[in-house]
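Have a look at the structure below, then the notes.
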Amino acid sequence: MTLRTTRHLTSVFLRRQGSVLLLYRRGSRAIADSWVGIGGHVEADELDDPARAALRELHEEVGVAADHLDNFSLRYVAMRDTGSEVRTTYYFTADLRSGSPIPTECTEGDLRWFELTVDPSTLEMPPTAAVAFAHWLAEGRHDEQLRFIVIDADGHVTGPL
Numbered sequence: 008m009t010l011r012t013t014r015h016l017t018s019v020f021l022r023r024q025g026s027v028l029l030l031y032r033r034g035s036r037a038i039a040d041s042w043v044g045i046g047g048h049v050e051a052d053e054l055d056d057p058a059r060a061a062l063r064e065l066h067e068e069v070g071v072a073a074d075h076l077d078n079f080s081l082r083y084v085a086m087r088d089t090g091s092e093v094r095t096t097y098y099f100t101a102d103l104r105s106g107s108p109i110p111t112e113c114t115e116g117d118l119r120w121f122e123l124t125v126d127p128s129t130l131e132m133p134p135t136a137a138v139a140f141a142h143w144l145a146e147g148r149h150d151e152q153l154r155f156i157v158i159d160a161d162g163h164v165t166g167p168l
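According to my numbering, numbering within the sequence shown proceeds without interruption in unit steps and concludes at 168.
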């Protein structure tokens, strides 16, 4: 078995008035150009607090601060074996408070608000994001459960559990 490096990431599905904000991320070191939640890499001093990393990334990328949010919650933890790296992504959801600034720009790519009725299979997304987002739209947004997703090196998916 090959030794693998690790990468820890965060992603936030930000809701507002029946829609969710996604980023078409361009030029990432970790993924092909694709739709993702707002987020990025967990810094070394944040490994024990992915929520802090998610809030930092949300503020850095789209200017949304913690006091602009309601119902900020960890919803999915996903692990993906790429064959050379194990990627752990912490997926959060949050509601943008009424009266808060509405994100319109991001230096990482293009922002777009999607209706919660969007067909997730029509969006190019990284593997764990596709599973988490599709499940969240269909079921996960109706409860507060934490779920786990595993994708092995052959692309086989386990979860959401």
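Think of the CB as a built atom: it goes at the ideal place given N, C-alpha and C, for glycine as much as any other residue.
As the structure is a prediction and not an experimental result, all values here were calculated from the model.
Unbroken beta strand (DSSP E) runs of no fewer than 3 residues, entirely contained in the stretch 84-159, are found at 92-103, 116-122, 154-158, following chain order. Bounds of the alpha helix (DSSP H) holding residue 59 are 57-69. In this structure, the straight-line span from the alpha carbon of residue 108 to that of residue 72 is close to 10 Å.
Between residue 104 and residue 75 the beta-carbon gap is near 5 Å, inside 8 Å, which marks them as a contact. Here the alpha carbons of residue 48 and residue 85 stand approximately 14 Å from one another.
In the three-state reduction of the DSSP assignment, residue 52 falls in the helix class, which pools H, G and I. A contact is defined here as three or more CB-CB pairs under 8 Å, and the stretch 30-42 meets this definition with respect to the stretch 124-142.
From the listed residues 100, 115, 63, 53, the smallest Cα separation to residue 149 is found for 100.
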